[in-house]
Amino acid sequence: MKYLKQLKNKNLSKEICLLRIDLNIQNEDLRGIKNGLKQAIPFRIKAILPTIKFLIDRGARVVILSHRGRPNPPKLGDYKPQITNYKELTLKPFVGIFSKLLKQKVIFADLNSINTTKIKNSKPGSIFLLENLRFFKGEEENNAAFAEKLAKLGTFYVNDAFAVSHRKNASVAAITKFLPSYAGFQLEKEIENLTAVMKKPKKPLIIVMGGAKISDKIGLIKNFVKKTDAFLTGGGIANTFLAALGMPVGESLYEKNMIPEARKILKEAPKKIFLPIDFVLDKKKILDIGPKTAELYSKKIQSAKTIIWNGPMGKFEDKKFAQGTYKIAKAILQNKKAKIIIGGGETLASLQTKNYKLQINVFLSTGGGAMLEYLSGLKLPGIESLK
Ligand code: ADP
Ligand code: MG
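The numbering of the sequence shown is the numbering used here, which starts it at 7 and goes up by one.
See below:
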C-alpha cells in the first residue's frame, strides 16, 4: 500500500489530487463552527486538515470528493436526478467552512459541469469541492464507468475517509483502478492504531461496550472474545445480555432476536462479560448504569494496559442518564498507561459535550461502522483496493 507521506519531498504543482474525505455530518452539527466556534469543529473535519494542508503546501490542486446522507437517487445512470432532501444533503455548507479553516477560496463544483481545463488553469494549491457523489447512482453501485469519469478529473487519488472505507463505493473502491492511489494521514493512523490493538494488545485488554444494538457489534465481540480480558457492558448491549440470562428488562432497549447469540457468548466466556449491577431507571426502562457499576468498571479500567471503548453506557443525550457514560469516560481518560482506542459516532459525541483534554495515549477513531468492521477482522473494500 502507498501512503501519502511518500510524496513528502515531491513538488506536486503539476498534479491534481482527488481526495476522498468523509463529510457525512448533519447541518445541526455544523452550527457551532459556522458561528465561528473553534472548539465546535467536528472531529472528522479536524482530522483531515493535515492531509489537505500537506497537498496544497506542495502545490497540488485538490478536488475534494465526499458524500452526505442517503439521497438514494432512482436508477438514472449518470444523470443527476431530482433530490428531494437536497438542502440537508448538499455539500455546499462546507465551502464556507473549509475556506475559513484553510484561509483560502474553495470552489464548489458539480460533476456534470466541472471541466478539467478549469482545474488545470487554476493556481497551484487551489481547492475544489465536488457536490455530494451519492446524488449519482454510480457511487453506491461502485460503478466502474462512474469511477472512471471521476478519475479523469485528477492525476492521483488519496483516500482519507476511513469512516466510508467499509463501503464498496465508486469513490472509495473502483476509482483506485484508474489512478495511482494513496492512503491519507488519518487513514494511515487508523490502520496503524487498530491493527496494533488487534495483533498484539498489551494485557490486560479491557473492552468497554455500550450503545444500542448488539447486532452491530457482535463481530467485534466474537473476534475479541478470546483476546480480551473483559467486556464491560452497558446500554442496549448489557440489556440484551441480561435478557439472555432471563432477567426482566421491562421495556428497556434490547434485541430480542439476538438472545441466542448473546447466550452463546455468555457460555463461551462467562467470566469475561461484565454486566451492570445497578441501574438508573425511568418507569420500566433501564436508561443508564448505576453508580456502583460505574465504580466497579472504573476500577477494572484502572488496571488495563489496552482499552477499546465503543458505545455510551446509557441514554447520555438526556442529562439524567449521562452520568454513567461520563464516569466511565473519565476513568478511561485517567488511565495514562494504557493504549486507548475510542470510536463510534455517539461515543465521540459524548466526549465532545464535555470537551476533555486528550493525552497522546488516546486514539479517536473517525470510523463508526468502519471501525467495528475493522475490529471484527473483516477486510474493508476501501483499504483493500489501495493495496
Ligand atoms: P456509537 O455510535 O458510539 O457506536 P451506538 O450507535 O451503538 O453508539 O448507540 C448510541 C445510542 O445508544 C445513543 O444514542 C444512546 O442514547 C443509546 N443508548 C445507550 N444506552 C441506552 C439505554 N439504556 N436505553 C436507551 N438508549 C440507549
Ligand atoms: Mg451510533
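We treat Cβ as the ideally placed atom computed from N, Cα and C, and that holds for glycine. Treat the numbers as computed from the prediction; the structure is a model and nothing was measured.
Rounding to the nearest angstrom, what Cα-Cα distance links G144 and F134 in this structure?
21 Å
Residue interval of the beta strand (DSSP E) (run including T239)
Looking at the DSSP string, the run of the beta strand (DSSP E) that includes T239 is A236 to T239.
Whether V214 touches L193 by CB criterion (7 Å)
no
Shorter than 7 Å from the beta carbon of K14 to some beta carbon of chain D?
Protein chains in the displayed structure number just one, and chain D is not present.
Between the Cα of F162 and those of L18, I389, G373 and A328, spot the shortest distance and give me the residue it belongs to.
L18
Let me check one thing: in DSSP terms, what residues is T312 bridge-paired to?
L211 and K345
Thinking C-beta only, is A176 closer than 7 Å to F152?
yes
Does the Cβ of T359 have 16 or more other Cβ atoms within 10 Å, making it buried, or fewer, making it exposed?
exposed
Cβ distance (whole Å) where S371 is taken to contact I347 below 8 Å
6 Å
Reducing DSSP to helix, strand and coil, say where Y332 ends up.
helix
Using three-state DSSP, classify V231 as helix, strand or coil.
Reduced to three states, the DSSP call for V231 is coil.
What does the Cβ neighbour count give for N263, buried or exposed, with the cut at 16 atoms within 10 Å?
exposed
Unbroken alpha helix (DSSP H) run spanning V101, endpoints
Counting along the chain, the alpha helix (DSSP H) containing V101 begins and ends at P99 to L108.
Let me check you understand the geometry: is the CB of P99 closer than 6 Å to at least one non-hydrogen atom of the ligand ADP?
no
So, does the stretch 12-31 touch the stretch 195-215, judging by three or more C-beta pairs under 8 Å?
Cβ pair count under 8 Å is below three, so no.
At a cut-off of 6 Å, is G351 close to the ligand MG when judged by its beta-carbon and the heavy atoms of the ligand?
yes
Any heavy atom of the ligand ADP within a distance shorter than 6 Å of the CB on P77?
Not a single heavy atom of the ligand ADP lies less than 6 Å from the C-beta of P77.
Where S187 sits in the DSSP three-state scheme:
strand
Is it the case that the stretch 117-132 contacts the stretch 64-72, given that we only count it when at least three CB pairs across the two stretches are under 8 Å?
yes
With DSSP as the reference, identify every bridge partner of K273, one or two as the case may be.
Paired residue(s): none; K273 is not in a bridge.
Closest residue to R26 among M319, A189, K44 and Q365 (Cα-Cα distance):
A189
Host alpha helix (DSSP H) of K278 (start-end):
Note, K278: premise wrong, no alpha helix (DSSP H); not H, not E.
Leaving aside the five residues before and after P48 along the sequence, list all residues of the same chain whose C-beta is less than 8 Å from its C-beta, in chain order.
I31, D35, L36 and I39
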